[in-house]
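Student: Protein chains in written order, with our numbering: chain Y, 7 to 142; chain Z, 7 to 142; chain P, 7 to 142; chain R, 7 to 142; chain H, 7 to 142; chain D, 7 to 142.
Protein chains: 6
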Amino acid sequence: MKVTVSRHAHFNAAHRLYRSDWSDAKNNEVFGKCSNPNFHGHNYELIVHVTGEIDPETGFVMDMKLLKNTIKEHVEEALDHKNLNIEVPFFKTVNPTAENMAVMIWDTLRPHIPSSNSLSVTLYETPRNYVQYSGE
Amino acid sequence: MKVTVSRHAHFNAAHRLYRSDWSDAKNNEVFGKCSNPNFHGHNYELIVHVTGEIDPETGFVMDMKLLKNTIKEHVEEALDHKNLNIEVPFFKTVNPTAENMAVMIWDTLRPHIPSSNSLSVTLYETPRNYVQYSGE
Amino acid sequence: MKVTVSRHAHFNAAHRLYRSDWSDAKNNEVFGKCSNPNFHGHNYELIVHVTGEIDPETGFVMDMKLLKNTIKEHVEEALDHKNLNIEVPFFKTVNPTAENMAVMIWDTLRPHIPSSNSLSVTLYETPRNYVQYSGE
Amino acid sequence: MKVTVSRHAHFNAAHRLYRSDWSDAKNNEVFGKCSNPNFHGHNYELIVHVTGEIDPETGFVMDMKLLKNTIKEHVEEALDHKNLNIEVPFFKTVNPTAENMAVMIWDTLRPHIPSSNSLSVTLYETPRNYVQYSGE
Amino acid sequence: MKVTVSRHAHFNAAHRLYRSDWSDAKNNEVFGKCSNPNFHGHNYELIVHVTGEIDPETGFVMDMKLLKNTIKEHVEEALDHKNLNIEVPFFKTVNPTAENMAVMIWDTLRPHIPSSNSLSVTLYETPRNYVQYSGE
Amino acid sequence: MKVTVSRHAHFNAAHRLYRSDWSDAKNNEVFGKCSNPNFHGHNYELIVHVTGEIDPETGFVMDMKLLKNTIKEHVEEALDHKNLNIEVPFFKTVNPTAENMAVMIWDTLRPHIPSSNSLSVTLYETPRNYVQYSGE
C-alpha cells in the first residue's frame, strides 16, 4: 500500500545559462536572453515527492515536518537568494538549467530520505515551465 | 488508447492526529500541534483520477457529471463539515493523517468506478502538502 | 506617493458557528452544517495590506521581513492549529465567522503597524469565500 | 538520467458535445447542457510534457523556446478562438470531448518532438476538470 | 465597521465580439479573432463582493449560502453553457465584452442584495484578463 | 459607469537591495540576504489596471490587445531577463525594491494610457509578497 507524500518549498535565485567554453555569440545563439552576462532570476517553486509504505504506527509515509526541515536545511539554505553560477559549487562546471537543477536537488536530498522510500522532485522555473526528475 | 480524466472536489473538516494507546506526551512528541485535543481543521482539496479507454460512442472515459456526483455522494457527504475523529467510523481506530484519508477515500470510491478503469486519488491537506494513492 | 505592500500568511484552525443563547434548532437553521457541535475546520489564507509613503532611505513602505514576523508572532501563533471557539479568548463570546475573524485580526495587528500607515486585512476561509476589513 | 520538461500553453474555443447520428433527445440525455446547439466554450489550459535524456552540451532535454513555439504553431494556431466542431477538421466526425482533444493534440505534436523523447499532454477544460494522454 | 464578503462562482459560455451595424471587415479590424462568426468561448470566473455592517446577531455581513444561491439562480442559470450573443436577451443589442458582461451581472444582482449593502463584481474572462464594476 | 480592466504580464529579473552610500555591514543589516552582492532574482507578475468609461461603440474601456502590447513594449522589453541594478537606468540611483519598481512601472506606462483613464499597478515579487501603486 504505497502512498506518495509531496511537500512544496520555495527559493529565489539568480542565474544565467552559459558555457565558458563557448563564444559569447554561441551562448547567445543557443541560450538567447537567458545568457545575459549580468544574470536574471526566478522564484523557484520546488515540490518534493516521497513514496513508500504508510507506517502503521504513525499513519505517515514520512513526517511532513521532517521533510519540510530536510528541504529547508539541504536545499533552501544552499540556493535561496544565491547566484547559482557563482555561489553554488555544483554549477561552477554545470549549466544551471532547470533540468540540471532538478538532478542536483535530487542528488542532494537522496541521502536524507529513508532508503526504503523512492524520491522524485518537481521544479517550477516559472509558473509556465517546470521539470521533473525521479533519479532514473 | 488510455486517457486519464481528473475531477476536483472540496470538503472542510476538523481532525487531530492522535493514538489513544499513547500518552499525551508521546502524541505531542510525534504529532506536535497536530495532536491538539481541541482539534484543528483544513480545506481538503481532492482530485480523483480515472484511467481507461475512451468509449468510442461518447468520447468519454467516464462521464464527468457522473464522476462529480459519485464523489459528492460517497466522499463529500461523508466528510464535509465533519469531525473526522469523532464522526467518521473509519477513523475511530485509524489516525486521520492525509495518507490514511487518501486510502480511505480510494477504498470508498473503488466500488463505484467501473472495474475496467483504474483509480487514483490526490488529496491536498494544505496548499503546500498533498498525498497520492493508486491502490497499489 | 502612497504604496500598499501586501504579505500572505497561513494558518489552520477548527471552529463552529454557534450562539450559546440560541437553541440547537435555531443554530442549525441559521448556520447549517457550519454549526456542527463537533467542529469543522479550514486552511485560512491571510493577506495583510499596509499602505504608506515609501521611506526614501530604504525604498520600503515597511520591511516585509518585519511584517512577516509581526503576523507570525501576533496572528499565526495565536490561531494556528487552534480551536477558535475553545482556545481563542476573543471568540468565547463572539461567533468565529470570517467577518469577525477579520476584525479580530485587524484589531490585533493595528498596534504593531506604524500609526502613519493604514492597515487592511483579507481572509480566505476557503478558496471560494473571503472577507476584507480596513478598520472603518 | 531521464528528466521531464513541461510547458503550459493556453487557448480559448467554442464547442458542443454532439453526435449527428443521434437524435436531439439522445444528445441531450447523454451530454446535457454540453450539447447546446448554440455552443458554449472554455479557456483550455494545455501542459505538454517531454521526457528524455539531458543533452550534456546544453543541459536541456529540449529547448523550452522551441517547445513553446512548436505548441504555438501546431496547436494554438489551429484551435485558439475557433469553433472546434465547425472549424477543426478532426472534429467534423469526432466528438470534441476533452479526451478526444487530448488525443488529437498528442497526435498533432508527436511528429514535431524528437523521436527519442516521449510525449504526454494534460488538458484542463475547466479549473476543476482535466485529462491526460501519453499515447499508449 | 464595514466588511466586504466575496464569493467565487463559475460559468462557461460562447460568444463573439461583433456589431451588426458594422461590416465584417470593420468587425475584424476592431475585434480581431474575437469576432469569429462561429464563436469562441471562455471559462468565466466571477467574484461577487458585498460590503456592509456585520449583523451583530449572526456575525455575517450576508449569509454566504444565500449569496451563493443568489448568484447561482440569477447569474449562473442565465449564462452557464450558453451562447451569449444568441441566447441572452441583454446581448442581442449589446456587445458581450467582459466590461458589458460585468455591468449586466451587476444590474442583475443588485435587486437581490440588501439595499443597505454595496455591491461590486469582478469577472475573469481568462486567467490573464479581468474587469471590475461597482455600479458607479 | 466606470469599469476597471486588468491585464496580467510577466517578467524575470535579477536584482539586489543595496545603497552604495552605505557600508556592506549596513546594507546587510537592513536588507539581509536581499543585499547579496552576487544578486538573486524573481519571477515578477505584473497586473495593470485601467479604469474608465466603457466606449459605447466597442464595449471596451481599453482594447486588451493594445494594453497587452503597451505593457510588452514599455515594461517587459525593458525589464525581462535583465539585471535591474546594472541594466535599468532608473535603478542606477534608486533601490530596486518592489515599491520603487511599482512606481517606476506606473511612471513608464502613464504616458501610454489615455489621460481620461486612471491607472494602477500591482506587482508580485513572490507569490506571497506584492505591492500596489495608483499614482497618488
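By construction, the Cβ of each residue, glycine as well, lies at the ideal position given by its N, Cα and C atoms. Fair warning: this is a prediction, and the values are worked out from it, not measured in the lab.
1. Please identify the residue among D:R116, D:P102, D:M107, D:M68 whose C-alpha is closest to the C-alpha of H21 (chain D).
2. Beta-carbon separation of V54 (chain D) and R13 (chain D) under 8 angstroms?
3. Along the chain, where does the alpha helix (DSSP H) that runs through N49 (chain D) open and close?
4. Under a CB-based cut-off of 8 angstroms, is G65 (chain Z) close to chain R?
5. State the start and end residues of the unbroken beta strand (DSSP E) segment that holds F17 (chain P).
6. Could you check what DSSP says for S41 (chain R) in three-state terms: helix, strand or coil?
7. Classify S41 (chain Y): buried if its beta carbon has 16 or more other beta carbons within 10 angstroms, exposed otherwise.
8. If you measure from the beta carbon of S126 (chain D) to each beta carbon in chain H, is any gap under 8 angstroms?
9. Does G58 (chain P) pass the burial test, meaning 16 or more other C-beta atoms within 10 Å, or should it be called exposed?
10. Closest by CA to V36 (chain H), which one among H:M7, H:S126, H:N44, H:Y24?
11. In the structure shown, what three-state DSSP assignment does V109 (chain Z) receive?
12. Report yes if the C-beta distance between T64 (chain Z) and V137 (chain R) is below 8 angstroms; otherwise report no.
13. T10 (chain Z) versus chain R: which residues are under 7 angstroms apart at the beta carbon?
14. Can the beta-carbon of G38 (chain Z) be found less than 8 angstroms from the beta-carbon of H48 (chain P)?
15. Give a yes or no on whether 8 angstroms exceeds the smallest Cβ distance from H14 (chain Y) to chain Z.
16. Can you find a CB in chain Z that lies within less than 8 angstroms of the CB of K71 (chain Y)?
17. Give the residues of chain Y in contact with T103 (chain Z), contact being defined as C-beta atoms less than 7 angstroms apart.
18. Could you pull out every residue in the same chain whose Cβ sits closer than 7 angstroms to the Cβ of V94 (chain P), ignoring the five residues on either side in sequence?
19. Could you tell me whether the Cβ atoms of M68 (chain R) and N123 (chain R) are closer together than 8 angstroms?
20. Spell out whether any CB of chain Y is found under 8 angstroms from the CB atom of I60 (chain R).
21. Please look up how many angstroms separate the CB atoms of E82 (chain P) and F17 (chain P), rounded, as I've assumed it's under 8 angstroms.
22. Compare the beta carbon distance of L143 (chain Z) and I111 (chain Z) with 8 angstroms and say whether it is the shorter of the two.
23. When burial is assigned at 16 or more other CB atoms within 10 Å of the CB, is E142 (chain H) buried or exposed?
24. What residues are listed by DSSP as bridge partners for Y136 (chain R)?
25. My output table needs one value for N152 (chain H): the three-state DSSP class, helix, strand or coil.
26. Can you tell which of H:M70, H:F45, H:K32, H:E131 has the C-alpha that lies nearest to the C-alpha of A104 (chain P)?
27. Compute the Euclidean distance between the alpha carbons of K8 (chain P) and Y139 (chain D), then round it to the nearest angstrom.
28. Any idea if N33 (chain R) is buried or exposed, counting beta-carbon neighbours within 10 angstroms, 16 or more meaning buried?
29. Relative to the C-alpha of S126 (chain Z), which residue among Z:P133, Z:T132, Z:A108 is closest?
30. Give me the chain Z residues within the contact set of N106 (chain P), using Cβ-Cβ distance strictly less than 8 angstroms, ordered along the chain.
31. By Cβ distance, which residues of its chain are closer than 7 angstroms to P43 (chain D), with the 5 residues on each side in sequence left out?
32. Answer yes or no: does any C-beta atom of chain H fall closer than 8 angstroms to that of E82 (chain R)?
33. Exposed or buried, A31 (chain Z), counting other C-beta atoms within 10 Å across all chains shown (16 or more means buried)?
34. What are the partner residues of L115 (chain R), as DSSP defines its beta bridges?
35. From Y:Y50, Y:T99, Y:V56, pick the residue whose C-alpha is nearest to that of W28 (chain Y); which is it?
36. Which one of D:I92, D:A19, D:T128, D:P120 has the shortest CA to CA distance from F66 (chain D)?
Tutor: From the atom records:
1. In the sixth sequence, the residue the question calls residue 21 (chain D) occupies position 15. Selected option, being the one with the closest Cα: D:P102.
2. Taking the sixth sequence and counting its residues from 1, the one referred to as residue 54 (chain D) is at position 48. Taking the sixth sequence and counting its residues from 1, the one referred to as residue 13 (chain D) is at position 7. Against a cut-off of 8 angstroms, the Cβ pair of R13 (chain D) and V54 (chain D) comes out as a contact.
3. By 1-based counting over the sixth sequence, the position of residue 49 (chain D) is 43. Run containing N49 (chain D): none in the alpha helix (DSSP H); it sits in the beta strand (DSSP E), 46-59.
4. Numbered from its first residue, the second sequence carries residue 65 (chain Z) at position 59. Taking Cβ atoms only, chain R reaches closer than 8 angstroms to G65 (chain Z), which makes this a yes.
5. Reading the third sequence from its first residue, position 11 is the one you call residue 17 (chain P). Where F17 (chain P) is concerned, the enclosing beta strand (DSSP E) stretches over 8-21.
6. If you number the fourth sequence from 1, residue 41 (chain R) lands on position 35. It is helical.
7. Stepping through the first sequence from its first residue, residue 41 (chain Y) is reached at position 35. It counts as buried.
8. For the purposes of this step, residue 126 (chain D) is taken as residue 120 along the sixth sequence, with counting starting at 1. It does not; no Cβ of chain H falls within 8 angstroms.
9. The residue labelled residue 58 (chain P) in the question sits at position 52 within the third sequence. Buried, by the Cβ-count rule.
10. Along the fifth sequence, one-based indexing puts residue 36 (chain H) at 30. Out of H:M7, H:S126, H:N44, H:Y24, H:Y24 has the C-alpha closest to the C-alpha of V36 (chain H).
11. The count along the second sequence starts at 1 and reaches residue 109 (chain Z) at position 103. Helix.
12. As a position in the second sequence, residue 64 (chain Z) is number 58, starting the count at 1. As a position in the fourth sequence, residue 137 (chain R) is number 131, starting the count at 1. Not a contact, by the Cβ cut-off of 8 angstroms.
13. Translated into the one-based positions of the second sequence, residue 10 (chain Z) becomes position 4. V137, Q138, listed in chain order.
14. Working through the second sequence from its first residue, we reach residue 38 (chain Z) at position 32. Working through the third sequence from its first residue, we reach residue 48 (chain P) at position 42. Their beta carbons are not under 8 angstroms apart, which means G38 (chain Z) does not touch H48 (chain P) by this criterion.
15. The sequence position of residue 14 (chain Y) within the first sequence is 8, counting from 1. Chain Z, which has a Cβ nearer than 8 angstroms to the Cβ of H14 (chain Y), makes this yes.
16. By one-based count along the first sequence, residue 71 (chain Y) stands at place 65. Yes, contact with chain Z.
17. Counting from 1 along the second sequence, the entry for residue 103 (chain Z) is found at position 97. Result: G65, F66.
18. Your numbering for residue 94 (chain P) matches position 88 in the third sequence. Same-chain partners within the cutoff: A84, L85, K88.
19. Locating residue 68 (chain R) in the fourth sequence gives position 62, counting from the first residue. Locating residue 123 (chain R) in the fourth sequence gives position 117, counting from the first residue. Yes, the pair counts as a contact, with Cβ atoms nearer than the cut-off.
20. Working through the fourth sequence from its first residue, we reach residue 60 (chain R) at position 54. I60 (chain R) counts as touching chain Y.
21. Looking up residue 82 (chain P) in the third sequence gives position 76. Looking up residue 17 (chain P) in the third sequence gives position 11. So it is a contact: roughly 5 angstroms between Cβ atoms.
22. Here chain Z has residues from 7 to 142 only, and residue 143 (chain Z) is not among them.
23. By 1-based counting over the fifth sequence, the position of residue 142 (chain H) is 136. Exposed is the call here.
24. Here residue 136 (chain R) corresponds to residue number 130 of the fourth sequence, with the count starting at 1. Z:S12, R:Y130.
25. Here chain H comprises residues numbered 7 to 142, so residue 152 (chain H) is not present and cannot be evaluated.
26. Here the question's residue 104 (chain P) lines up with position 98 in the third sequence. Answer by Cα proximity: H:M70.
27. Start at 1 with the first residue of the third sequence, and residue 8 (chain P) comes out as number 2. Start at 1 with the first residue of the sixth sequence, and residue 139 (chain D) comes out as number 133. In a straight line, the C-alpha of K8 (chain P) is about 7 angstroms away from that of Y139 (chain D).
28. The residue you call residue 33 (chain R) lines up with position 27 of the fourth sequence. That one is buried.
29. Locating residue 126 (chain Z) in the second sequence gives position 120, where the first residue counts as 1. If we check each option's Cα against that of S126 (chain Z), Z:A108 comes out closest.
30. Position 100 of the third sequence, counting from 1, holds the residue named residue 106 (chain P). Those do not exist, as N106 (chain P) stays about 17 angstroms from chain Z at its closest Cβ, beyond 8 angstroms.
31. Indexing the sixth sequence from 1 puts residue 43 (chain D) at position 37. Around P43 (chain D): R22.
32. Here residue 82 (chain R) is taken as the residue at index 76 of the fourth sequence, counted from 1. No, E82 (chain R) lies away from the interface with chain H (no Cβ there is under 8 angstroms from its Cβ).
33. Within the second sequence, the letter at position 25 stands for residue 31 (chain Z). Under this definition A31 (chain Z) is an exposed residue.
34. Taking the fourth sequence and counting its residues from 1, one reaches residue 115 (chain R) at position 109. Answer is none; L115 (chain R) lacks a bridge partner.
35. Along the first sequence, one-based indexing puts residue 28 (chain Y) at 22. Nearest of Y:Y50, Y:T99, Y:V56 to W28 (chain Y), Cα basis: Y:T99.
36. To locate residue 66 (chain D), count along the sixth sequence from 1; it is residue 60. Checked all of D:I92, D:A19, D:T128, D:P120; the closest Cα to F66 (chain D) is D:P120.
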